[in-house]
Each structure stands twice: as structure tokens, then as C-alpha cells.
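Q:
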Amino acid sequence: GQNIDQPTEMTATEGAIVQINCTYQTSGFNGLFWYQQHAGEAPTFLSYNVLDGLEEKGRFSSFLSRSKGYSYLLLKELQMKDSASYLCAPYQAGTALIFGKGTTLSVSS
Amino acid sequence: ETGVTQTPRHLVMGMTNKKSLKCEQHLGHNAMYWYKQSAKKPLELMFVYSLEERVENNSVPSRFSPECPNSSHLFLHLHTLQPEDSALYLCASSQSPGTGGGSPLHFGNGTRLTVT
Numbered sequence: 003g004q005n006i007d008q009p010t011e012m013t014a015t016e017g018a019i020v021q022i023n024c025t026y027q028t029s030g031f032n033g034l035f036w037y038q039q040h041a042g043e044a045p046t047f048l049s050y051n052v053l054d055g056l057e058e059k060g061r062f063s064s065f066l067s068r069s070k071g072y073s074y075l076l077l078k079e080l081q082m083k084d085s086a087s088y089l090c091a092p093y094q095a096g097t098a099l100i101f102g103k104g105t106t107l108s109v110s111s
Numbered sequence: 056e057t058g059v060t061q062t063p064r065h066l067v068m069g070m071t072n073k074k075s076l077k078c079e080q081h082l083g084h085n086a087m088y089w090y091k092q093s094a095k096k097p098l099e100l101m102f103v104y105s106l107e108e109r110v111e112n113n114s115v116p117s118r119f120s121p122e123c124p125n126s127s128h129l130f131l132h133l134h135t136l137q138p139e140d141s142a143l144y145l146c147a148s149s150q151s152p153g154t155g156g157g158s159p160l161h162f163g164n165g166t167r168l169t170v171t
């Protein structure tokens, strides 16, 4: 089974930096996905971390520590359009993705 | 047309109706999925098809019946639903999870279902 923990809600202002944490417990861990989902829309793929460390992709970066069962998504230079839910999903080899409850981020001006 | 397409976008049905949701992917993937997303709840995996074979049924009630006629098409047949089945139903595709590597899911825009 899996256990995924993320904060339910976060708020930030435009231009700021925000870090969304995710802790997980899972067997057969292969890597960790982050998805973004705007209200009423489909989730879209942001990142997939397999190795420990930070991977940067534009304004978004994702970090993984396999030994600690911990990941975070770092969003820089926040924009209003970044208001969305951010879903953490640890990947178990050979299985379909199971998602956490997600973190709803509200960005204000 | 590219990506994952779901129809209809919105559906209202009575509890005695029978309807079907359709999903089509143009990404060359060999696995397809149905997820359910209710208000204030996480995405719930319903069914997984890999190479047109159902590989996972996540304790879904029999009033939901999936069908995968080929690797590009997936249906969800609905009958005698309950009001609590009202939700956003999302289809997704990827390379088969059995390949071991983490292949990202590509989601359709979903069908917003309301059961009256």
C-alpha cells in the first residue's frame, strides 16, 4: 500500500517562492511524479524524479530524497496562473499511479 | 488530433439511464486508465488496461463497466448509477506500467457527470 502526505492548502503572493512538500511511504518505489491541476481541468505532468537531488525545469524545480521518503516542488517567481492543485504521486514499479490528495495553492496579487 | 480526447464533456443522467463515456488517445500508448475525481477527494484509480487487457479493477461497483476494444479507445459504460457517483471522470494513457519505467500519464479533459 501507499501513504502520501501533503499540506492541504497553501497561499503565496505573486513573485514569491513557494515550496510544496510531500512525504510518502510505499513499497517498490521507483520514482515520484508531480502533476499540476487547475480547477475543472485535467492534471498535467510537471516532473518525474528517480534519483536523489534537485531537478530544475524553468520556474519549477523538484527535489527527491529516497532515503527519507520526501520530495518537494519549488515554484519560483509565482504568477497568478500558478494557482492550482499540485499532486504528488510516488510510482511503484509495474503499477498504475496513485495520487495524494494534492495541495491547493492560491496566488494573490 | 493529438493527445487524449474524452466525450462528452458534460453528462447529466437519471439513475435508471444507461450511458457511455468515450476516450480516445492518439499518443501511441499501450495502457489506458479510468480515474474518478469527486469534490474535495483525491483522484481515485478505477480501471487499468494494458495492451487491451484489464489488469486492475480497483474495487469498483459493477454499475461501472469498462471496455477497451483496442489500444486507442476506452469506454466506461454506466447503468443504474447513484447520485454519489456524480464526479469528474478522467481518462488517461501511458506506456504500459509493466515496462517498469515511470511513463507519465497523459489525461483527457474529463467528463463531468451529474446523476439526478
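Here the protein sequences line up with chains B and L, keeping their order. When you line the first sequence up against the working numbering, it's residues 3 to 111, in that order. When you line the second sequence up against the working numbering, it's residues 56 to 171, in that order. From the three backbone atoms N, C-alpha and C, an ideal C-beta is built for every residue, glycine too. Please read these numbers as outputs of a predicted model, since none were measured by experiment.
Tell me, please, whether the CB atom of N32/B is closer than 8 Å to any CB atom in chain L?
A: Chain L contact via Cβ: present.
Q: If you measure between the beta carbons of F148/L and L82/L, is that distance less than 8 Å?
A: First, the residue type needs correcting, since residue 148/L is Ser and not Phe in the sequence shown. Yes, these two residues count as a Cβ contact at 8 Å.
Q: Pull up the DSSP beta-bridge partners for H84/L, would you.
A: According to DSSP, H84/L bridges with nothing at all.
Q: Can you give me the start and stop residues for the beta strand (DSSP E) that D113/B sits inside?
A: Outside the displayed span of chain B (3 to 111) sits residue 113/B, for which this structure offers no information.
Q: In or out: I19/B buried (at least 16 other Cβ within 10 Å) or exposed?
A: Exposed, since its Cβ has fewer than 16 Cβ neighbours within 10 Å.
Q: At least one CB of chain L closer than 8 Å to the CB of L99/B: is that the case?
A: With 8 Å as the cut-off, L99/B counts as an interface residue toward chain L.
Q: Between the region 71-91 of chain B and the region 58-66 of chain L, do three or more beta carbon pairs fall short of 8 Å?
A: Not touching, per the Cβ criterion.
Q: Within the same chain, show all residues whose beta-carbon is closer than 7 Å to that of E79/L, passing over the 5 residues directly before and after it, in chain order.
A: The residues are T60, S127, H128.
Q: Who are the neighbours of E43/B on chain L, taking C-beta pairs under 7 Å?
A: Under the 7 Å cutoff, chain L gives N164.
Q: With respect to 7 Å, is the separation between the Cβ of P45/B and the closest non-hydrogen atom of the ligand PLP below this value?
A: Within the structure as shown, the ligand PLP is missing, as the structure has no ligands at all.
Q: For L124/L, which of helix, strand or coil comes out of DSSP?
A: The amino acid at residue 124/L is misidentified as Leu; the sequence shows Pro. Note: P124/L maps to strand in three-state DSSP.
Q: Could you list which residues in chain B have their beta carbon closer than 8 Å to that of V103/L, in chain order?
A: A98, listed in chain order.
Q: Less than 8 Å between the C-beta atoms of F87/B and T13/B, yes or no?
A: The question names Phe, but residue 87/B is Ser in the sequence shown. No, Cβ-Cβ distance for S87/B and T13/B is not below 8 Å.
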